[in-house]
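Q: Residue numbers (our numbering), protein chains in the order written: chain C, -14 to 97; chain E, 19 to 135.
Every residue, glycine too, gets a C-beta built ideally from N, C-alpha and C.
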Amino acid sequence: QQQVKQSPQSLIVQKGGIPIINCAYENTAFDYFPWYQQFPGKGPALLIAIRPDVSEKKEGRFTISFNKSAKQFSLHIMDSQPGDSATYFCAASKGGYQKVTFGTGTKLQVIP
Amino acid sequence: GAVVSQHPSWVICKSGTSVKIECRSLDFQATTMFWYRQFPKQSLMLMATSNEGSKATYEQGVEKDKFLINHASLTLSTLTVTSAHPEDSSFYICSASDTGTGNSPLHFGNGTRLTVT
Chain C
-14 QQQVKQSPQS
-4 LIVQKGGIPI
6 INCAYENTAF
16 DYFPWYQQFP
26 GKGPALLIAI
36 RPDVSEKKEG
46 RFTISFNKSA
56 KQFSLHIMDS
66 QPGDSATYFC
76 AASKGGYQKV
86 TFGTGTKLQV
96 IP
Chain E
19 GAVVSQHPSW
29 VICKSGTSVK
39 IECRSLDFQA
49 TTMFWYRQFP
59 KQSLMLMATS
69 NEGSKATYEQ
79 GVEKDKFLIN
89 HASLTLSTLT
99 VTSAHPEDSS
109 FYICSASDTG
119 TGNSPLHFGN
129 GTRLTVT
């Protein structure tokens, strides 16, 4: 049972492009939605996170859009760079920051 | 910033032996730590929640006698894979948040690559 569905599985964009990764969740009790970036052989690192009381959050080149009624949220990476090439995971949790459920991951490749 | 350190970063062991993986919060205290398992090109699957001074809570389908967790202090949790078999080969990752700052985001270690031959 996958509580957080993520798409696409992989994505290739050119430098400067705006990759968009989408996630959908089922459990309406989720109240915290983080995005993580993972490089090969490393643990995930928190990129940005949002709570359902706002529809958008921006930090640097990363923006989360959140649609509570549709139970969907997405990550946009502005002016993408080759260094952004990594696997991105959306996640969700309820009752705080602690126990998160991860999406299936999106492998992003930014080509020069 | 908060750092979570895992050791070793990789380990190779023979089938039937046990392997211990350490997870340390270097500059903060963590009442709770989490252990995940990640297969190649797949997502992180939560294995168990490690609670300082008490028994770990295991997710459904995770054998608690196979994956022993000890959280003896506020900065250290260990995962021991007992009687390891090739199917236990995986990437194991721990995470923790700063107990002292209330709602603190999770910080992840860099993982341990276990290969059982």
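#1: Note down the Cα distance separating V(-11) of chain C from M51 of chain E, rounded to an integer number of angstroms.
#2: Give the secondary structure of T100 of chain E by DSSP, where H, G and I count as helix, E and B as strand, and everything else as coil.
#3: Could you name the residues of the same chain whose beta carbon sits closer than 7 angstroms to that of S36 of chain E, not counting the 5 residues immediately before and after it, in chain order?
#4: Any idea what DSSP makes of P19 of chain C, helix, strand or coil?
#5: For I35 of chain C, tell me which candidate among C:I49, C:S(-5), C:T91, C:F24 has the shortest Cα-Cα distance.
#6: Using the beta-carbon of each residue, which ones in chain E are nearer than 8 angstroms to K27 of chain C?
#7: If the criterion is Cβ atoms closer than 7 angstroms, does the pair I39 of chain E and S68 of chain E meet it?
#8: Cβ closer than 7 angstroms: which chain E residues qualify as neighbours of I(-7) of chain C?
#9: By how many angstroms is the C-alpha of S40 of chain C removed from the C-alpha of K174 of chain C?
#10: Buried or exposed for Q185 of chain C, please, with buried defined as at least 16 other CB atoms from any protein chain shown within 10 angstroms of its CB.
#11: Could you tell me which whole beta strand (DSSP E) segments of length 3 or greater appear in the segment 45 to 79 of chain C?
#12: Would S139 of chain E pass as an interface residue toward chain C - the criterion being a Cβ-Cβ separation below 7 angstroms?
#13: Please check if any C-beta of chain E sits within less than 7 angstroms of the C-beta of T89 of chain C.
#14: Between which two residues does the beta strand (DSSP E) harbouring I33 of chain C extend?
#15: I'd like the span of the beta strand (DSSP E) that includes L62 of chain E, first residue to last.
#16: Using DSSP with H/G/I as helix, E/B as strand and the rest coil, what is T86 of chain C?
#17: Quick one: is G101 of chain C buried, meaning 16 or more other Cβ sit within 10 Å of its Cβ, or exposed?
#18: For T67 of chain E, return the contacting residues in chain C, with the cut-off set at a CB-CB distance below 9 angstroms.
#19: Taking contact to mean at least 3 C-beta pairs separated by less than 8 angstroms, is the segment 103 to 115 of chain E in contact with the segment 2 to 21 of chain C?
#20: Report all residues from its chain with a CB closer than 8 angstroms to the CB of F85 of chain E; omit the five preceding and five following residues, and keep chain order.
#21: So, Y10 of chain C versus K42 of chain C, is the Cβ gap smaller than 7 angstroms?
#22: If the cut-off is 9 angstroms on Cβ atoms, which residues from the segment 30 to 49 of chain C count as contacting chain E, listed in chain order?
A: The short version:
#1: 22 angstroms
#2: coil
#3: T98, V99, T100, S101, A102
#4: strand
#5: C:I49
#6: N128, G129
#7: no
#8: The sequence shown places Pro at residue -7 of chain C, not Ile. Within 7 angstroms Cβ-Cβ: nothing; P(-7) of chain C doesn't reach chain E, min ~14 angstroms.
#9: Residue 174 of chain C falls outside the range modelled here, since chain C spans only -14 to 97, and no answer is possible.
#10: Here chain C comprises residues numbered -14 to 97, so residue 185 of chain C is not present and cannot be evaluated.
#11: 47 to 52, 57 to 62, 71 to 78
#12: What the structure shows of chain E is the stretch from 19 to 135, and residue 139 of chain E is not part of that stretch, so it cannot be assessed.
#13: yes
#14: 30 to 35
#15: 62 to 69
#16: strand
#17: Because chain C is modelled from -14 through 97, residue 101 of chain C falls outside the range shown and cannot be assessed.
#18: Q83, K84
#19: no
#20: W53, M65, A66, Y76, L97, T98, V99, T100
#21: no
#22: A30, L31, A34
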